[in-house]
Amino acid sequence: MKSFQDKDLQSFIGNLLRVGVLTAMTIVVIGIVLYMFQYGHETIHYSTFKAENAFKFADFYQRLMSGNSSAIMELGVIVLIVIPIARVLFTMIGFWLEKDRMYTIIAFIVLCIIAYSLFFGVTSH
């Protein structure tokens, strides 16, 4: 019975990765196509560079709801970042359901490291 559960969990995680990457790719491609329609006619000036400010969720959400193509591409990247986090989370839950304490703890530590690096990672000024 345990190997059947392992196979189900592996199948679920494999499908999660497959569907997640395809979803992220689709979102980014939609953003790129929309970007080309919005800004494709403009001339690019390589002599100037405008640095973007730090990511702010309220600003991102507002731009996303208004159909901003850059925000749509950013959403695709966010989905791509969330996929491995979901994989580690579901793997940890699977180990916990199988009562495998050591691997549950290891997966939890990996999840904590990922969360720490996302929220407190080094940023350049």
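All letters in the sequence shown, in the order written, are residues 309 to 433 by the working numbering. Backbone N, C-alpha and C fix where the C-beta goes; we use that ideal spot for every residue, glycine too.
How would you label residue i, buried or exposed, when you count the other beta carbons within 10 angstroms and need 16 or more for buried?
| i | result |
| --- | --- |
| Ala366 | exposed |
| Met400 | buried |
| Ala423 | exposed |
| Ile389 | exposed |
| Met309 | Residue placement at Met309 is flagged as unreliable, the pLDDT there being 41, under the threshold of 50; the coordinate-derived value follows with that caveat. Counting Cβ neighbours within 10 Å, Met309 comes out exposed, since fewer than 16 surround it. |
| Ile335 | buried |
| Cys420 | exposed |
| Phe312 | Reliability fails at Phe312, whose pLDDT of 48 lies under 50, so the model's placement of it is uncertain and no value is given. |
Which whole-angstrom value is the C-beta distance of residue i and residue j, which I expect to be below 8 Å?
| i | j | result |
| --- | --- | --- |
| Ile380 | Val329 | Incorrect: roughly 17 Å between the Cβ atoms, too far for contact. |
| Phe264 | Ala415 | Here the chain comprises residues numbered 309 to 433, so residue 264 is not present and cannot be evaluated. |
| Leu342 | Ser374 | 12 Å between Cβ atoms; not a contact. |
Please identify the residue among the options whose C-alpha is closest to the C-alpha of residue i.
| i | options | result |
| --- | --- | --- |
| Ile417 | Leu397, Gly402 and Phe427 | Leu397 |
| Gly384 | Asn323, Gly322 and Val327 | Val327 |
| Ser319 | Arg371, Ile389, Ser377 and Arg395 | Arg395 |
| Glu382 | His353, Gly339 and Leu324 | Gly339 |
| Tyr369 | Ile386, His353, Phe357 and Gly429 | Ile386 |
| Ile393 | Lys315, Ser425, Arg409 and Glu406 | Ser425 |
| Lys364 | Ser355, Leu372 and His353 | Leu372 |
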